[in-house]
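Enquirer: Under numbering that gives the first Met the number 0, the first residue of the sequence shown is numbered 0, with each subsequent residue one higher. Following this message is one structure expressed as structure tokens.
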Amino acid sequence: MRPPELCDFLYQFTDKETARLIVYYVYNSNHINRFFTEDYLNFIEQSSFKVNKLDCTFVAEIDQVHQETLERLYPGRTKFANNGMIAILEKTPENENKFSQTQSSITMPQVLGQKNQEELAIDKKVLFLHCSPFSYHRKLVFSNNTIYLTSSNEKHPQVINFPHGSFFNVEDLLKKLPTGWYPDLFVARVDAFFGIVPCNVEALRCPKVLVMGDSHHGFNPLNKMIEYAKSEKYDFYITDFDRHHLWYYWLAGLTDLYWLPTLVLNPPEPGFKQQPFFNPELNYNFFQDKTVFIGQVGQYHPRRKRLIEHAAKNLPNFICGPLNQRDSLKAFAAADISLNISLNGDANMRNFEVISSKGFLLADKLTDESGMSLLLEEGKEYETFADLDEMLTKISYFSQNPNLLTSYREQSHARYCREYAPKHILSLFNQLVQGQTIEDRFTAKSINRIQHCQDTEFSRARISLYQVIQDLHREWENIAILLDARVKLTSIVDFLDLPRVQVTVTNYEDAYVASLKPYLEHSGNYNRVSFVKDAQFNRFNIIITSICDAYFLSQLPKDNVVIISTDYSGVETASQYKEFMPIISTKEDFEGSFFVLRNMSQEFVDTQSGSQGVGIPSVDNLPSEESEALLPNVSLRELNLIVFPDWSQSEEVLSLQLEDVIRSILIHPNKSKITLLLDTTNIAEEEVNLMLSSVVMNLLLQEDLDVTDGPEIALLGELSQMQWEALLSEINYRLVIEPENHQQVIQAKADKLPGWTVDRVC
């Protein structure tokens, strides 16, 4: 409907001047649109009311009382607009009769809501931040009018790229947007590796949504994500794969918490089975009658790697390996059985890629807190396994029952089409940002721990302790924890969201058990917790205690972890016990509350597989897609160099060092093929950028160097150990300068790189 047509439509209800004023604001306001106007008036027409008068309040003044109230609600703001329309309705007998005749065949609120959301999905201006490249996403994520913020190097009119590791001010971003384009919605998916991070999001005058991702692995993931979420003023907080972590965000005081598991799913397109594979040697028939695992199996997936290795040895028709996302959907559709082995208790995207492709899903068993039981019915729509033996048994059974496979495929795909296809999740998302209620299973109301746990004290130390257990859970097959109930800075309910954890509690009081009973009953976790008066230490591989001495430590099996609460005694003894290696003991992580040790005097023996050690391959053998996922998103080239300046030196010394390094690269005959990485440990990147700008400017002015097709220079912020290992596999040489940050060189394990001096570069 064009403006003149809308005017004609409104003439039925109001005078021409008011109609024209309404039309003007409908087409020029962010707060109301023509679809709302048309639908709402049509809805009134179907009701038992008629429109007596229609007027607009776009220019209505705000009285002093409401002005003062608004200023208290929004500190720092003084200008407010009173935007809207007012309809004066009259109830008449004839309209009431008309309504009673038609109400049985009309469900106007549903029709109205559906139409609004569909139209909004097409027209809304959306800023969408996601580290994945633009080409990885489905054609319509939130809107056709979307600008993507990524850390890739893709060139596209809808894409604004940022260097990996960037923390950018939203006010600066707004200056880069097309003229006249202002977002109606901002969605930022920030993961725990902090690829690109928006700051000062409060500057945006639109709803702001933070999607918190990948907090189930990496370095200090939950603490970092909590700190970021609390430092910015978002309106809604969503997780996609880590529903079990909503509990920790809630403990930290965040509200408006939601879970939308297929929010950014890239589903199969019509006719996808007939599309050729990226690898011309593959075809649809290649995967038929097979059991497949499509994904990464490497250093950072130790449990997954063990299970896959056993499957490869014991199953005659087993295929494993990485494929691009589009080809993986074809493989899931063709295969008899599609395995999903989560990285660390997360309800990952592979679950939905399999069922959206009409594949048969066999997944490792997760906890109730993961939410899988709220999405699919086990034993009807998908199957699970708890360990290696059950996995092999179920693969054998279902491979011999094709009719049963077909039934599971049909039912899970039908469930996906009804509830989890992008249009359905996008509808939930739009309801959410419009302030409407959505199904409880996608909100914090369905989190058992939030509803039934009494132990709700938040501390950074509590989250850090959980992260230690979480990371060991990624590595070990089973975890048996002995918890001394006198340790007050943790709770057993934290650990029970990890599926392969059993907890035994000792030194408890009856009141302690009673406080846990409501949660254990509602979550079905009674069988994972036991209470004992005396415990044999050798039955456990993690002990959380309040008291320790040398005798206690000497009784512990090899590779055990002991966590000592510093509010009692024994830390001094533990710190001197030479058999143990402190794995986390810093005040930054634990606020001085815990001391964590691991007995490393011999390699861990995996009791599940009987193999010595985990058998992790080198990063060099990782598939390229996994390496890229772990690498900091810097532009690597044919010759990649890294340097570790000692930033504690004077600015004069540092400037001379950097000048020598950069000069040597700028005069290199193949400078366009070089990337130089600077470690920025212990210094703000803003300071480094200022210093580099000054150095480069001096070189250009004094030496007339050519910088066309020059080298890439990138700053490295804080990296996890996994990221360092992945990155160093791509580095050719370490530039050795004096002085350099020797401690950081050792910590990053860059001392094993071949060394170059500045004159060697030239």
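C-beta: ideal position from N, C-alpha, C; glycine also. Computed from a predicted model, the values in this text were never measured in an experiment.
So, at 7 Å on beta carbons, what are the nonlocal neighbours of LYS357 in its own chain, with the 5 sequence-adjacent residues on each side left out?
Expert: Only ALA332, ARG408 and HIS412 meet the Cβ criterion.
Enquirer: Straight-line CA distance for HIS244 to GLU702?
Expert: The alpha-carbon atoms of HIS244 and GLU702 are separated by roughly 55 Å.
Enquirer: Under the assumption that PHE286 contacts ILE318 (Cβ atoms under 8 Å), give the Cβ distance between them as a whole number of angstroms.
Expert: About 7 Å; that satisfies the 8 Å criterion.
Enquirer: Is DSSP giving PHE167 helix, strand or coil here?
Expert: Three-state result, PHE167: strand.
Enquirer: Does the separation of the CB atoms of LEU128 and ILE225 fall below 8 Å?
Expert: Contact flag unset, no.
Enquirer: Ignore the nearest five residues each way along the sequence and tell me which others in VAL642's own chain have a CB closer than 8 Å to its CB.
Expert: VAL660, LEU675, LEU676, LEU677, ASP678, ARG733, LEU734, ILE736 and GLU739, listed in sequence order.
Enquirer: ASP619 by DSSP, collapsed to three states: which one?
Expert: Bear in mind that a pLDDT of 33 at ASP619, under 50, signals an unreliable position, so the number given afterwards is only what the model happens to contain. Reduced to three states, the DSSP call for ASP619 is helix.
Enquirer: Short of 6 Å in beta carbon distance, which residues of its chain neighbour CYS198, apart from the five on each side in sequence? Order them along the chain.
Expert: Around CYS198: PHE166 and ASN168.
Enquirer: List the whole-angstrom C-beta distance separating HIS155 from PHE133, where the pair is believed to meet the contact cut-off of C-beta under 8 Å.
Expert: HIS155 to PHE133, Cβ: 5 Å. Contact.
Enquirer: State yes or no: is the C-beta of SER592 within less than 8 Å of the C-beta of ALA460?
Expert: Yes, the pair counts as a contact, with Cβ atoms nearer than the cut-off.
Enquirer: Buried or exposed for ARG302, going by 16 or more other Cβ atoms inside 10 Å?
Expert: Buried: at least 16 other Cβ atoms inside 10 Å.
Enquirer: Using 8 Å for Cβ pairs, my map puts ASP363 next to SER341. What's the rounded Cβ distance?
Expert: Indeed, because the Cβ distance is near 6 Å, the residues count as touching under 8 Å.
Enquirer: With a 10 Å radius around its C-beta and 16 neighbouring C-beta atoms as the bar for buried, classify VAL744 as buried or exposed.
Expert: Flag for VAL744 reads buried.
Enquirer: Using only CA atoms, which one of HIS300, ASP241, ILE730 and PRO182 lies nearest to THR261?
Expert: Cα-wise, what sits closest to THR261 is ASP241.
Enquirer: Just the C-alpha distance for ASN282 and LEU328, rounded to the nearest angstrom, thanks.
Expert: ASN282 and LEU328: Cα-Cα distance of roughly 12 Å.
Enquirer: Among the candidates SER151, SER693, ILE712 and LEU640, whose CA atom is the shortest distance from the CA of ILE730?
Expert: Closest option to ILE730, Cα to Cα, is LEU640.
Enquirer: At the level of alpha carbons, what is the spacing between ASP234 and LEU139?
Expert: Looking at the two C-alpha atoms, the distance is approximately 23 Å.
Enquirer: Helix, strand or coil for ILE736? Go by DSSP, reduced to three states.
Expert: Three-state result, ILE736: coil.
Enquirer: Distance, Cα to Cα, ASN323 vs TYR135?
Expert: Spanning the two alpha carbons is a distance of roughly 10 Å.
Enquirer: Identify the continuous alpha helix (DSSP H) that holds TRP246 and give its terminal residues.
Expert: Start and end: 245 to 250.
Enquirer: In terms of alpha-carbon separation, which member of TYR525, ASP509 and ALA484 lies closest to SER545?
Expert: Answer by Cα proximity: ALA484.
Enquirer: Consult DSSP for MET348 and reduce its assignment to one of helix, strand or coil.
Expert: Here MET348 sits in coil by DSSP.
Enquirer: If ASN144 and LYS175 are in contact, beta carbons under 8 Å, what's the gap, nearest whole angstrom?
Expert: No, ASN144 and LYS175 are not in contact; Cβ-Cβ is about 16 Å, not under 8 Å.
Enquirer: Per DSSP, what kind of secondary structure is VAL502 in: helix, strand or coil?
Expert: Looking at VAL502 - three-state DSSP - the assignment turns out to be strand.
Enquirer: Quick check: the segment 471 to 485 against the segment 443 to 459, are there 3 or more CB pairs under 8 Å?
Expert: Not touching, per the Cβ criterion.
Enquirer: With a threshold of 8 Å, are at least 3 pairs of Cβ atoms found where one atom belongs to the segment 471 to 480 and the other to the segment 523 to 542?
Expert: Touching, per the Cβ criterion.
Enquirer: According to DSSP, which residues form a beta bridge with PRO321?
Expert: Its beta-bridge partners do not exist; DSSP assigns none.
Enquirer: What is the DSSP secondary structure of ASP213, counted as helix, strand or coil?
Expert: ASP213: coil per DSSP, three-state reduction.
Enquirer: Counting pairs of beta carbons, one from the segment 751 to 758 and one from the segment 247 to 256, are three or more of them closer than 8 Å?
Expert: No, they do not touch.
Enquirer: Which same chain residues, not among the five before or five after ALA713, have their C-beta less than 6 Å away from its C-beta?
Expert: Closer than 6 Å at the Cβ level, and outside the excluded window around ALA713, lie VAL633 and LEU676.
Enquirer: Nearest-angstrom Cα distance between GLU624 and SER131?
Expert: Its pLDDT being 40, under 50, GLU624 is placed unreliably by the model, and the measurement read from it follows with that caveat. Straight-line Cα distance between these residues: approximately 12 Å.
Enquirer: Tell me whether CYS198 sits in a helix, a strand or coil according to DSSP, three-state version.
Expert: Looking at CYS198 - three-state DSSP - the assignment turns out to be strand.
Enquirer: Would ASN313 and ASP288 qualify as a contact pair, given that the criterion is a beta-carbon distance under 8 Å?
Expert: Their beta carbons are not under 8 Å apart, which means ASN313 does not touch ASP288 by this criterion.
Enquirer: Which full runs of the alpha helix (DSSP H) of 4+ residues lie inside the segment 281 to 343, going along the chain?
Expert: Taking only runs of at least 4 residues, the alpha helix (DSSP H) segments lying wholly in the segment 281 to 343 are 283 to 286, 301 to 313 and 324 to 333.
Enquirer: Which residue wins for smallest C-alpha separation from ALA683, given the options LEU552, SER671 and GLU717?
Expert: Minimum Cα distance to ALA683 is reached at GLU717.
Enquirer: Rounded to the nearest angstrom, what separates HIS215 and ASN447 at their Cα positions?
Expert: Whole-angstrom Cα-Cα distance: 19 Å.
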